[in-house]
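Enquirer:
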Amino acid sequence: SISGAMIHVMRSLGLPSDQIDMDTLQHLEETYWTPRGEFFDLSAEKSGTSALDMLQLAAQAGMGYFLLIDSMCSAGREGVKAWRGGISPQRQLEPLTTSFISPGPDDYDGVDVTYIDEVTWAAETVQCRLPGVTDPWKVETYELQGVGTRDRAYRIGMRRLMKHQGQRLTYKTKTEMMGLVYQYGDR
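In my numbering, the protein residues as written are 3 to 189.
#1: Within 10 angstroms of the Cβ of residue 173, are there 16 or more other Cβ atoms? Answer buried if so, exposed if not.
#2: Please identify the residue among 72, 177, 137, 110 whose C-alpha is closest to the C-alpha of residue 161.
#3: Less than 6 Å between C-beta atoms, sequence neighbours within five positions excluded: which residues of the same chain meet that for residue 76?
#4: Cβ atoms of residue 148 and residue 57: under 7 Å apart, would you say?
#5: What is the residue span of the alpha helix (DSSP H) that residue 79 lies within?
#6: Check whether the Cβ atoms of residue 21 and residue 74 lie closer than 7 Å to each other.
#7: State the start and end residues of the unbroken beta strand (DSSP E) segment that holds residue 113.
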């Protein structure tokens, strides 16, 4: 399981249980990873692979990310999140700015995902394209580790492609220390 792999890496580092966010990892495993058939399958044979790299790869196999929150090791998952609060103008040092990136010819309109197939143990490539795009102009080549099925590699590749196509707005502001109560991935 993804949470099992992450907990194994953290415990092998000697982290005590109170520094591992077991509740969040268990919630992600029960709500998303196990029901969707997502798991982490990787043998770390290459020297120089850090524990942080392994934690990030494990979370990535479940369309998530590794986090350090309040001195605890945790994980998050991409997608819609509940509101956690707002930063009022009284706490901002400068106005909130919104940036928009318009679609252009430099945008990726395809993603080629390379993964190691769990049956053949050979490197396979799955092409992720939007409907109607038969000859893409710009294709991202993405190597996916810890995922061994074509279906899961395709889902992760399509998610990356939709990020390239659809995430156009960014927001920026500066806050004092009171604004640091928010976490990575918050809306």
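Note that the Cβ used here is the ideal one computed from N, Cα and C, for glycine as well. Please read these numbers as outputs of a predicted model, since none were measured by experiment.
Expert: Considering the structure as presented:
#1: Around the beta carbon of residue 173, a 10 Å sphere encloses fewer than 16 other beta carbons of the protein chains shown; the residue is thus reported as exposed.
#2: Nearest option by C-alpha distance: 110.
#3: Only 23, 26, 69 meet the Cβ criterion.
#4: Against a cut-off of 7 Å, the Cβ pair of residue 148 and residue 57 comes out as no contact.
#5: Per DSSP, residue 79 lies in no alpha helix (DSSP H); the unbroken beta strand (DSSP E) holding it starts and ends at 74–79.
#6: Contact: yes.
#7: Taken as a continuous stretch (DSSP letters only), the beta strand (DSSP E) holding residue 113 covers 112–118.
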